[in-house]
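>
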Amino acid sequence: MTSLAGQGEYAGIRRCAAGAARILIVVAVGLYLTACAQTKAFVQSKDFERPSETVRVLLMPPDVELYELTTAGMLEPKADWTESAKTNVAYAFESILQERQANLLFYDSAAGKLAFDDAHLQAIKLHSAVGNSILLHKYLPQMALPTKKETFDWTLGEAATALRDTYDADYALFIHFRESFSSAGRATLIIVGALLGVGVRGGSQVGFASLVDLRSGDIVWFNRLASGTGDLRKADLARGASEKLLTEFPL
Amino acid sequence: MKPARVSFVRRAKKATVFAAFCLFVAGCATAPLQDLKPGERPALETDEAGFWMVTDRIEAKLSTSGRIVKDPKINAYVRGIICRLTPEHCANIRLYVVRTPNFNASMMPNGAMQVWTGAILRSRNEAQLAYVIGHELSHYLRRHTIQQWRDARAKTDALAFFQLATALAGVPVVGMVVQIATMAGHFGFTRDQERESDRLGFEMMVQAGYDPREAAKVWEALLEEKDASDEPKKLIFFSTHPASEEREKTLAKMAEELGDNGGLVGKDKLAAVTSIYRGKWLRDELRHRDYPRLEVVIKQQIESWGQQGTLHYFQGELYRLRGEEEDAAKAVAAYQEALSTNDPPAQTHRALGLVYWSMDRPAEARAAFENYLLADPAADDRPMIESYIQQIKGGVS
Amino acid sequence: MKRHLLIAVLLLALSACAQYSLVEAKKQEIGGAYTVEAQIAWNKSSEGKLEIWTVDGPSLNAVRFFKGLGDGDALFKIPRKTKEEAKLPTYRSGMTPNDVMDLVADSVARIGANDVQTRNLRPIDFGGNPGFRFEVTFYSSDGLELDGLVAGAIVEEKLHMIMYTGARLHYFPKYKEDVERLIGSVEMI
Chain A
1 MTSLAGQGEY
11 AGIRRCAAGA
21 ARILIVVAVG
31 LYLTACAQTK
41 AFVQSKDFER
51 PSETVRVLLM
61 PPDVELYELT
71 TAGMLEPKAD
81 WTESAKTNVA
91 YAFESILQER
101 QANLLFYDSA
111 AGKLAFDDAH
121 LQAIKLHSAV
131 GNSILLHKYL
141 PQMALPTKKE
151 TFDWTLGEAA
161 TALRDTYDAD
171 YALFIHFRES
181 FSSAGRATLI
191 IVGALLGVGV
201 RGGSQVGFAS
211 LVDLRSGDIV
221 WFNRLASGTG
231 DLRKADLARG
241 ASEKLLTEFP
251 L
Chain B
252 MKPARVSFVR
262 RAKKATVFAA
272 FCLFVAGCAT
282 APLQDLKPGE
292 RPALETDEAG
302 FWMVTDRIEA
312 KLSTSGRIVK
322 DPKINAYVRG
332 IICRLTPEHC
342 ANIRLYVVRT
352 PNFNASMMPN
362 GAMQVWTGAI
372 LRSRNEAQLA
382 YVIGHELSHY
392 LRRHTIQQWR
402 DARAKTDALA
412 FFQLATALAG
422 VPVVGMVVQI
432 ATMAGHFGFT
442 RDQERESDRL
452 GFEMMVQAGY
462 DPREAAKVWE
472 ALLEEKDASD
482 EPKKLIFFST
492 HPASEEREKT
502 LAKMAEELGD
512 NGGLVGKDKL
522 AAVTSIYRGK
532 WLRDELRHRD
542 YPRLEVVIKQ
552 QIESWGQQGT
562 LHYFQGELYR
572 LRGEEEDAAK
582 AVAAYQEALS
592 TNDPPAQTHR
602 ALGLVYWSMD
612 RPAEARAAFE
622 NYLLADPAAD
632 DRPMIESYIQ
642 QIKGGVS
Chain C
649 MKRHLLIAVL
659 LLALSACAQY
669 SLVEAKKQEI
679 GGAYTVEAQI
689 AWNKSSEGKL
699 EIWTVDGPSL
709 NAVRFFKGLG
719 DGDALFKIPR
729 KTKEEAKLPT
739 YRSGMTPNDV
749 MDLVADSVAR
759 IGANDVQTRN
769 LRPIDFGGNP
779 GFRFEVTFYS
789 SDGLELDGLV
799 AGAIVEEKLH
809 MIMYTGARLH
819 YFPKYKEDVE
829 RLIGSVEMI
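Residue numbers (the numbering used here), protein chains in the order written: chain A, 1 to 251; chain B, 252 to 648; chain C, 649 to 837.
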């Protein structure tokens, strides 16, 4: 009979990692927030050769959530904003990729979020564990792995074949966006605070994306975006953020 | 003269600021909500839709977490209780029987209900489980999550400006106190919401034809468990549910007013579905190593279900794992009690072997290990047990 | 000011996770208790008495070396105790391999793993001592399937144990043979 708070069970075996990953996001937001967006990309190989023919890229259901920052700084999830952001982001990626001779296929999650079939489910969960490891060990210098100093060789291995078989796609693209906006009260507080010389944090935009080669399972490209501005609810700004997130995109 | 004046000004400032805050907060209690209608979904632009969105994601994760009991029989049974309590809403509620020790159940605002196996294990009949489920359903139907959020948002909004003001006035201390008080309100449902759900859950179970006297007994048993626990304050349930004694009394009084309504208790009905899981779920409870508390749980199980092999086996396990003085002897007695029933788990022999071995009684240990392999010839740990027997033989010769 | 605060928070949080150092592919000493022969290079960190090696990150693959656990020692250290984690099961002298297997399963479950199952407990030679090994499967709290392999021995009432876990897809099988060789190469000091 507890509320949702009672569900916060963490994998202790990975608690340290998960905790640090969350902190990474906070720090990304806190330290890098300037007017301009910042990105940091990794590629598996500098010599990556893009196939000359049109490639098929499977867009996984974009993990996007938009929030309003209340006056006191709590985050209120916004369903309508999230809906339009998802539409804008999907459209932006489709058109950007089309310009790059890549066909975007959409992962079919219409059947309901709960109805992932098992082979895909574990591949997706593996991807999220791999993504967290990358964030932790590649973006936090304190957590760097000595054997991976010069390399970027994470993979989903044979797990990727489940996705390739269903969609006959060459690559899978995973996208994650979190965005928050100041409420009217928060905006007022920021102004009043500024007048009094007290810094009050406003909204932010954080994104991650990764491209998986479905033949080898390898993560061939990974990028992180952090920005103090942006608005995925607007089509043109969603396009801008998507382009930014695709910095050094190898296709 | 001067210091006194400063102090007076400070006090005056404190008092004024505090009064201003009280005014502020009094003005921000949010309007009460209508009950959720069957099949109702909040409009996309509402704050409530935002919480449904987030809980949809949490639900998707929960449903694929490896913690969900999939057995259709037990799911159908618990769902049957939900539908009996609320036929009009039951199609919109998704049930997750979650394999977790401890007494708990919860409800997300989007209609996802979690019932922990620890709560089913402790329910001594269907009426008790129905009360727990009714309580959770009330949180959902009364839309407590969103009510709680709106109150919290209004309070903290006021607080944010209030803190700027206190910072200006130079009285940060008051700000701190108020902040702590407000933050405490963030966690879980409020006491008032819990009281309301107690009452509504009770009314639902009565309406659905269950024996109302069983509701208070849920609390009674939990209190006994809490009182025994090594760390009563650490029990998740009680940390969010204060004043259990009061709630037990209130429910008992409400039942007394109704008298015997000839309602369903449903002890056998519950046992028919859940008894095969009792061993597995008791094993999960052992993880916590909270021995005094588990002692109470097992005692309550024996009171409810009688002298069963499984229950005595776990009684023995409790003593063997605790390993305090006299515990080895107590464990032996419990295992022997288990073996005297007609359904002892095969592991009882193994456990008896282990405890005899630790008591330096090799001959009896060896006999017990041999009995284990006879009782369960395909035992997964057979090679290990055979090596124990060899070691004992070596030691004897 | 805010930046400094954030950095302080970050450092505080990370102090629980030690930094990683390189483990070269050669004979390695595990905290004065035993040695193993590493076949490949690993990244090492430690959590209290526990030494952890990984290639791709501990949530994908990890070898945990428990060395000389004594009476009352828990297998894992939880940086922040939450209400439900006040008590982790502990090792007790006099435990048998069956008890150790339960200890591992319960400890892994207590720190967030779901549906923990153990199987195939059998005797082995562990660095010249009568030892044991078994397998474990579980789900991470996020629902990722993991496999595990545990081998160890109780020597003079102290528990020495090597536990390898990894994602069932790709990451566990990838280094399983290397870990088997690690276990086979144990020499007590």
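The beta-carbon is built from N, C-alpha and C at its ideal position, and this holds for glycine as well. Note that the coordinates shown come from a computational prediction; the quantities given were computed from them, not determined experimentally.
(1) Taking 8 Å as the CB-CB cut-off, is residue 58 of chain A touching chain C?
(2) Of the choices B:508, B:455, B:354, whose alpha-carbon is the least far from that of residue 470 of chain B?
(3) Given a cut-off of 8 Å on the beta-carbon distance, is the pair residue 396 of chain B and residue 302 of chain B in contact?
(4) Tell me the rounded alpha-carbon separation between residue 797 of chain C and residue 751 of chain C.
(5) Pop quiz: residue 755 of chain C and residue 724 of chain C are said to be a contact at Cβ under 8 Å. What is the actual Cβ separation, rounded to whole angstroms?
(6) Identify the continuous beta strand (DSSP E) that holds residue 76 of chain A and give its terminal residues.
(7) In three-state DSSP terms, what is residue 591 of chain B?
(8) In this structure, how does DSSP classify residue 546 of chain B when only helix, strand and coil are distinguished?
(9) Residue 377 of chain B: buried (16+ other C-beta within 10 angstroms of its C-beta) or exposed?
(10) Roughly how many angstroms separate the alpha carbons of residue 170 of chain A and residue 707 of chain C, rounded to a whole number?
(11) Chain B beta carbons: is any one of them nearer than 8 Å to that of residue 80 of chain A?
(12) Counting only runs of 3+ residues fully inside the stretch 781 to 818 of chain C, write out the beta strand (DSSP E) ranges in chain order.
(13) What does residue 44 of chain A touch in chain C if you count any residue whose Cβ is under 9 Å from its own?
(14) Which ranges does the alpha helix (DSSP H) cover as unbroken runs of at least 4 residues, wholly within the stretch 499 to 556 of chain B, from first to last along the chain?
(15) Does residue 778 of chain C come out as helix, strand or coil in the three-state DSSP assignment?
(16) State yes or no: is the C-beta of residue 541 of chain B within less than 8 Å of the C-beta of residue 480 of chain B?
(17) Within 8 Å, do at least three Cβ pairs link the stretch 764 to 772 of chain C to the stretch 630 to 648 of chain B?
(18) Under 8 Å, Cβ to Cβ, is there at least one residue of chain A near residue 649 of chain B?
(19) For the stretch 537 to 558 of chain B, which residues have a beta carbon sitting closer than 9 Å to at least one beta carbon of chain C?
(20) Please name the residue in B:645, B:308, B:465 whose C-alpha comes closest to that of residue 513 of chain B.
(21) Leaving out five residues on either side along the sequence, give the residues of the same chain with a beta carbon under 6 Å from the beta carbon of residue 173 of chain A.
(22) If you measure between the beta carbons of residue 524 of chain B and residue 328 of chain B, is that distance less than 8 Å?
(23) Along chain C, in chain order, which residues have C-beta atoms closer than 7 Å to that of residue 132 of chain A?
(24) Could you tell me whether any Cβ in chain B is nearer than 8 Å to the Cβ of residue 62 of chain A?
(25) Taking only beta carbons into account, state which residues of the stretch 285 to 318 of chain B come closer than 8 Å to chain C, listed in chain order.
(26) At which residues does the alpha helix (DSSP H) containing residue 752 of chain C begin and terminate?
(27) Consult DSSP for residue 412 of chain B and reduce its assignment to one of helix, strand or coil.
(28) Measuring alpha carbon to alpha carbon, tell me which residue in A:50, A:144, A:71, A:84 is nearest residue 406 of chain B.
(29) Does chain A have any CB closer than 8 Å to the CB of residue 751 of chain C?
(30) Go to residue 685 of chain B, then tell me how far its beta strand (DSSP E) extends in each direction, as first and last residue.
(31) Alpha carbon to alpha carbon, what distance is there between residue 244 of chain A and residue 196 of chain A?
(32) Should the stretch 332 to 347 of chain B be regarded as contacting the stretch 800 to 815 of chain C, the criterion being three or more beta carbon pairs within less than 8 Å?
(33) Measuring straight from C-alpha to C-alpha, what distance separates residue 404 of chain B and residue 77 of chain A?
(34) At a Cβ threshold of 8 Å, is residue 128 of chain A touching chain C?
(35) Within 8 Å of any Cβ in chain C, is that where the Cβ of residue 322 of chain B sits?
(36) For residue 348 of chain B and residue 361 of chain B, I'd like the C-alpha separation in whole angstroms.
Once the coordinates are examined:
(1) Here residue 58 of chain A refers to the residue found at position 58 when the first sequence is read from its first residue. With 8 Å as the cut-off, residue 58 of chain A does not count as an interface residue toward chain C.
(2) Translated into positions along the second sequence, residue 470 of chain B becomes position 219. Of B:508, B:455, B:354, the residue nearest in Cα terms is B:354.
(3) Here residue 396 of chain B corresponds to residue number 145 of the second sequence, with the count starting at 1. Here residue 302 of chain B corresponds to residue number 51 of the second sequence, with the count starting at 1. Inclusion of residue 396 of chain B and residue 302 of chain B in the CB contact set at 8 Å is warranted, their separation being smaller than that value.
(4) Position 149 of the third sequence, counted from the first residue, corresponds to residue 797 of chain C. Position 103 of the third sequence, counted from the first residue, corresponds to residue 751 of chain C. Take the alpha-carbon of residue 797 of chain C and the one of residue 751 of chain C: they are about 14 Å apart.
(5) Residue numbering aside, residue 755 of chain C sits at position 107 when the third sequence is read from its first letter. Residue numbering aside, residue 724 of chain C sits at position 76 when the third sequence is read from its first letter. Indeed, because the Cβ distance is near 6 Å, the residues count as touching under 8 Å.
(6) By one-based count along the first sequence, residue 76 of chain A stands at place 76. Taken as a continuous stretch (DSSP letters only), the beta strand (DSSP E) holding residue 76 of chain A covers 75 to 77.
(7) For this step, residue 591 of chain B is matched to residue 340 along the second sequence. Note: residue 591 of chain B maps to helix in three-state DSSP.
(8) Working through the second sequence from its first residue, we reach residue 546 of chain B at position 295. DSSP places residue 546 of chain B within a helical segment (H, G or I) once states are collapsed to three.
(9) Residue 377 of chain B sits at position 126 when you count from the first residue of the second sequence. The residue is buried, with at least 16 neighbouring Cβ atoms inside 10 Å.
(10) To locate residue 170 of chain A, count along the first sequence from 1; it is residue 170. To locate residue 707 of chain C, count along the third sequence from 1; it is residue 59. For the pair residue 170 of chain A and residue 707 of chain C, the Cα-to-Cα distance works out to about 27 Å.
(11) Here residue 80 of chain A refers to the residue found at position 80 when the first sequence is read from its first residue. Using beta-carbon distances, residue 80 of chain A counts as an interface residue toward chain B, with a partner under 8 Å.
(12) Counting whole runs of 3 or more residues, the stretch 781 to 818 of chain C contains the beta strand (DSSP E) stretches 793 to 803, 806 to 815.
(13) Walking along the first sequence from the start, residue 44 of chain A turns up at place 44. In chain order: nothing, as chain C lies at least about 14 Å away.
(14) Annotation note: the stretch 499 to 556 of chain B contains the following uninterrupted alpha helix (DSSP H) runs of length 4 or greater, listed N- to C-terminal: 518 to 525, 529 to 537, 542 to 556.
(15) On the third sequence, position 130 is the one that residue 778 of chain C refers to. Three-state DSSP puts residue 778 of chain C in a strand.
(16) As a first step, residue 541 of chain B must be located in the second sequence, where it is residue number 290. As a first step, residue 480 of chain B must be located in the second sequence, where it is residue number 229. Taking 8 Å as the Cβ cut-off, residue 541 of chain B and residue 480 of chain B qualify as a contacting pair.
(17) A contact exists between the stretch 630 to 648 of chain B and the stretch 764 to 772 of chain C.
(18) Absent from the structure is residue 649 of chain B, since the part of chain B shown begins at 252 and ends at 648.
(19) Flagged, chain order: 537, 538, 539, 540, 541.
(20) Here residue 513 of chain B is taken as the residue at index 262 of the second sequence, counted from 1. Proximity to residue 513 of chain B across B:645, B:308, B:465 peaks at B:465, based on C-alpha coordinates.
(21) Here residue 173 of chain A refers to the residue found at position 173 when the first sequence is read from its first residue. Excluding residues within five positions, the ones whose Cβ falls inside 6 Å are 57, 59, 211.
(22) Counting from one through the second sequence, the residue named residue 524 of chain B turns up at place 273. Counting from one through the second sequence, the residue named residue 328 of chain B turns up at place 77. Their beta carbons are under 8 Å apart, which means residue 524 of chain B touches residue 328 of chain B by this criterion.
(23) The sequence position of residue 132 of chain A within the first sequence is 132, counting from 1. Near residue 132 of chain A (Cβ distances below 7 Å), the residues of chain C are 707.
(24) As a position in the first sequence, residue 62 of chain A is number 62, starting the count at 1. Interface flag for residue 62 of chain A against chain B is unset, since no Cβ pair is found closer than 8 Å.
(25) Sequence-ordered contacts of the stretch 285 to 318 of chain B with chain C read 312, 315, 316, 317, 318 [C-beta pairs closer than 8 Å].
(26) In the third sequence, counting from the first residue as 1, residue 752 of chain C sits at position 104. In the DSSP annotation of this structure, the continuous segment of the alpha helix (DSSP H) that includes residue 752 of chain C starts and ends at 745 to 758.
(27) Position 161 of the second sequence, counting from 1, holds the residue named residue 412 of chain B. Residue 412 of chain B falls in the helix class under three-state DSSP.
(28) Position 155 of the second sequence, counted from the first residue, corresponds to residue 406 of chain B. Minimum Cα distance to residue 406 of chain B is reached at A:71.
(29) Position 103 of the third sequence holds residue 751 of chain C. It does not; no Cβ of chain A falls within 8 Å.
(30) What the structure shows of chain B is the stretch from 252 to 648, and residue 685 of chain B is not part of that stretch, so it cannot be assessed.
(31) Along the first sequence, one-based indexing puts residue 196 of chain A at 196. Along the first sequence, one-based indexing puts residue 244 of chain A at 244. Distance between the alpha carbons of residue 196 of chain A and residue 244 of chain A: 35 Å.
(32) Proximity of the stretch 332 to 347 of chain B to the stretch 800 to 815 of chain C falls short of the contact definition, fewer than three beta-carbon pairs being nearer than 8 Å.
(33) Taking the first residue of the second sequence as 1, we reach residue 404 of chain B at position 153. Taking the first residue of the first sequence as 1, we reach residue 77 of chain A at position 77. So the two alpha carbons sit approximately 13 Å from each other.
(34) What you label residue 128 of chain A is simply residue 128 of the first sequence in a count that begins at 1. Yes, contact with chain C.
(35) Taking the first residue of the second sequence as position 1, residue 322 of chain B is located at position 71. No, because no Cβ of chain C sits closer than 8 Å to the Cβ of residue 322 of chain B.
(36) As a working mapping, residue 348 of chain B is identified with position 97 in the second sequence. As a working mapping, residue 361 of chain B is identified with position 110 in the second sequence. One C-alpha to the other measures close to 17 Å.
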